[in-house]
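As given, the protein sequences belong to chains G and L, one line each in that order.
The first sequence begins at 1 in full-length UniProt numbering and counts up by one.
The second sequence begins at 1 in full-length UniProt numbering and counts up by one.
Ideal Cβ placement from N, Cα and C applies to all residues, glycine included.
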Amino acid sequence: MKVTFELADGTEIKTDAGAGMTLKDVALAASVPNITGDCGGNLSCATCHVVVPEDWVEKVGGPGEIEDEMLDVTMAPREATSRLSCQIEITEALDGLRVRVPE
Amino acid sequence: MTVWTPADDGHADLSSHDTFTEGPPHNTFARMRREAPLEWTEWSGGKGFWNVTRNEDILKLNRDTGLMSSARGIRMEDQSYEEYLARRTFQETDPPEHMRTRIKVAKAFSAPVVAGFEDQIRKLCDEILDQALDLGSFDATKAIARQLPMRMLGQILGTPDEDLPWLVEKGDALIANTDPDFTDHVLDKMETDEYRLMPFNSPAGAELFDYAKELMAEKNRKGDTEGVLHLILQPDKDGEVMPENEFRNFFCLLVAAGNDTTRYSIAAGIQAMAHQQELLGQMQEGGEVWKTAADEIIRWATPALYFRRTATRDFEMHDQKVKEGDKVLLWWASGNRDETVFDDPFRVNLFRHPNPHVSFGQGGPHVCLGMHLARLEVRVLFQELAKRISKVEPAGPHRFLRSNFVGGIKELPVTMTPA
């Protein structure tokens with residue numbers, strides 16, 4: 001599957017993602033800036049913040065309850081379609097996904 | 001190459017606090033990473049334990065909270081269920097319970113909130129460094145490293161300045177409870193168990209708790225709702241308030257863990273500057289170095305040497321059979337010197353990037369709550385220090401804490417030449 005991370009300065013990082021990985025794993029493997037995933041995907045750190053574009057929201061889905069609270073403590077301010085990438089599992093349906101990485 | 005590690009024969013006793021009085025036994029860790037990455041240590045003070053020393057294994061096990069529980073203790077000492085209940089904080093819980101408590105305090109220590117402290121920290125650094133540098137030669141742990149986290153903690157808790165030395169003394173007695181310089185109740189030398197239900201098995205825990213109660217009562221009288229303590233005492237979504245013993249333990253955790261870890265990171269950074277003369281120039285050059293310097297100093301320091309987990313079921317790893325209930329120590333101190341992950345791990349490289357150190361327990365849900373604050377305090381302190389001096393030199397041998405849990409230079413004589 002192909003996944004693209006759009007950085008605040010306009011750079012795009014295109015990368016391959018395997019099914020079963022989380023989007024955070026994909027970002028770490030591609031050294032995407034501003035995604036450090038310090039807690040290993042356990043919803044304890046909010047250091048893997050991404051913003052999902054409108055046209056992908058339906059397929060990606062919304063945050064769970066704890067994720068929703070943790071999204072209040074991300075470094076860049078939360079946006080309407082913010083997610084923690086550790087909670088997004090890569091599936092066939094997400095092939096071609098693009099997400100924005102806030103500054 | 002500079003070798004600062006104490007001489008050990010590769011078979012140091014990791015259960016003995018005395019092993020660590022000259023710094024972590026890095027030869028032993030290196031041998032274990034190479035030959036015995038999951039090795040058993042017998043311990044005269046209780047049940048023995050497994051040691052995990054490779055960076056990769058630490059990350060793998062730290063992530064696996066289903067296999068590795070924190071709820072039966074996080075230090076090597078054995079705990080009864082009664083002791084566990086009396087002394088636990090959210091450090092000693094597993095998901096999902098862990099998150100319910102953590103979320104209450106996560107906001108207060110989150111990256112955006114902490115970023116707002118930068119000016120406050122810089123001002124404190126000004127005061128601390130002006131005083132210290134007037135001395136010329138001094139103990140940098142006492143005059144600099146101890147000062148900043150202590151005063152910052154006071155500002156976060158909203159405690160009066162005059163109470164701070166007392167608070168920090170009690171915090172030290174808790175967490176450095178195996179070093180006779182810091183407590184009269186040395187943990188592995190105590191004959192009575194009268195303190196076993198207190199935080200960190202220490203009477204200082206009870207004193208701190210009384211203080212916290214009084215502080216909150218005073219704040220309530222004044223209608224002061226600022227600060228972390230007020231925040232964590234708010235009812236959660238289900239209307240539940242943190243029980244008193246949990247609040248007591250959390251307060252102790254803040255005072256203890258929020259203090260000495262950053263202190264020992266700063267101390268280790270100053271010690272590194274005294275031995276690697278190029279570091280000061282790199283700091284003075286400024287710019288890019290500040291994106292990476294704090295993490296490298298914190299890797300170098302590794303103030304929390306290990307955290308313990310307990311196996312929830314039998315498993316095999318590296319041809320060893322770990323049994324359900326066995327204690328497993330994840331040695332951050334070893335993971336941070338793993339030569340398969342770090343180039344030249346025994347040198348400080350302020351530009352190191354990426355820097356997959358595990359000083360904060362990265363990779364698991366218990367990752368340090370205060371990591372953003374720690375990084376900021378370390379960065380700002382060294383930015384301000386580098387502006388003011390032209391040289392740092394050792395002015396005598398430095399001394400480490402007597403503890404296999406907290407790694408820290410408790411005495412660091414240096415001479416600093418003003419710029």
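Distance check between K14 (chain G) and each of G:D25, G:A93, G:S44 and G:A30 places G:A30 closest, using alpha-carbon atoms only. Under the three-state reduction of DSSP, E218 (chain L) is assigned to helix.
Taking a C-beta cut-off of 9 Å against chain L, the contacting residues of the region 27-48 of chain G are S31, T36, G37, D38, C39, G40, G41, N42, L43, S44, C45, A46 and T47, listed in chain order. Using a C-beta cut-off of 8 Å, the region 333-350 of chain L makes no contact with the region 91-102 of chain L, since fewer than three inter-stretch Cβ pairs fall below that distance. Contact annotation: in the region 94-124 of chain L, residues whose CB is within less than 7 Å of a CB in chain G are P95, M99, R102, I103, A106, K107, S110, A111 and P112. With contacts defined by Cβ atoms closer than 8 Å, V60 (chain G) and V52 (chain G) form a contacting pair.
Within 10 angstroms of the beta-carbon of Q320 (chain L) lie fewer than 16 other beta-carbons, which makes it exposed. Minimum Cα-Cα distance from M317 (chain L) among the listed residues L:A30, L:P149, L:Y84 and L:V52 corresponds to L:V52.
For Q155 (chain L), same chain residues with a beta-carbon under 7 Å away, outside a window of 5 residues either side, are Q120 in chain order.
In the displayed model, E339 (chain L) falls within coil according to three-state DSSP, outside both helix and strand. Measuring C-alpha to C-alpha distances from H11 (chain L) to each of L:F29, L:T21 and L:F20 identifies L:F29 as the nearest. Close CB contacts of F360 (chain L) within its chain, under the 7 Å cut and outside five residues either way in sequence, are with V367, C368 and M371 (chain order). Taking every protein chain shown into account, the CB of E226 (chain L) has fewer than 16 other CB atoms within 10 angstroms, so this residue is exposed. The residue from L:G325, L:F20, L:E218 and L:K291 with its alpha-carbon nearest to that of S70 (chain L) is L:G325. DSSP places P203 (chain L) within a helical segment (H, G or I) once states are collapsed to three. For R399 (chain L), DSSP records a beta bridge to L:E411. Contact with chain L is found for I66 (chain G), since one of that chain's Cβ atoms lies less than 8 Å from the residue's Cβ.
DSSP places S110 (chain L) outside any alpha helix (DSSP H), giving it a letter other than H or E. Taken through DSSP and simplified to helix, strand or coil, I389 (chain L) comes out as strand.
Straight-line measurement puts the Cα of M216 (chain L) at about 12 Å from the Cα of L208 (chain L). Under a criterion of Cβ atoms nearer than 7 Å, the residues of chain G adjacent to V367 (chain L) are, in order, D38, C39, S44 and C45. Taken atom to atom, the span from the alpha-carbon of T81 (chain G) to that of G205 (chain L) is near 44 Å. Of the residues G:E103, G:V101, G:I88 and G:R100, the one whose Cα lies closest to the Cα of G18 (chain G) is G:I88. Across the set G:P33, G:T4, G:M70 and G:E12, the C-alpha of G:M70 shows the shortest separation from the C-alpha of R100 (chain L). The Cβ-Cβ distance between N259 (chain L) and R299 (chain L) does not fall below 8 Å. Where V99 (chain G) is concerned, the enclosing beta strand (DSSP E) starts and stops at L97 to V101.
For a Cβ distance threshold of 8 Å, nothing in chain G lies close to Q91 (chain L): the least Cβ distance comes to about 12 Å. Look at F307 (chain L) here: in three-state DSSP terms it is strand.
A direct Cα-to-Cα measurement between P33 (chain G) and E6 (chain G) gives close to 10 Å. Residue environment for T4 (chain G): exposed (fewer than 16 other C-beta atoms within 10 angstroms of its C-beta). About 7 Å separates the beta carbon of V392 (chain L) from that of L280 (chain L), a gap short enough to meet the 8 Å contact definition. Not flagged as an interface residue toward chain G: N355 (chain L), since no C-beta distance is shorter than 8 Å. Take R313 (chain L), set aside five residues on each side of it, and the residues of its chain with a beta-carbon closer than 6 Å to its own are E324, in chain order. Nearest CB-CB separation between M242 (chain L) and chain G: not below the 8 Å threshold. At a cut-off of 8 Å between C-beta atoms, D95 (chain G) does not count as an interface residue with respect to chain L. The alpha-carbon separation between R83 (chain G) and T47 (chain G) amounts to approximately 11 Å.
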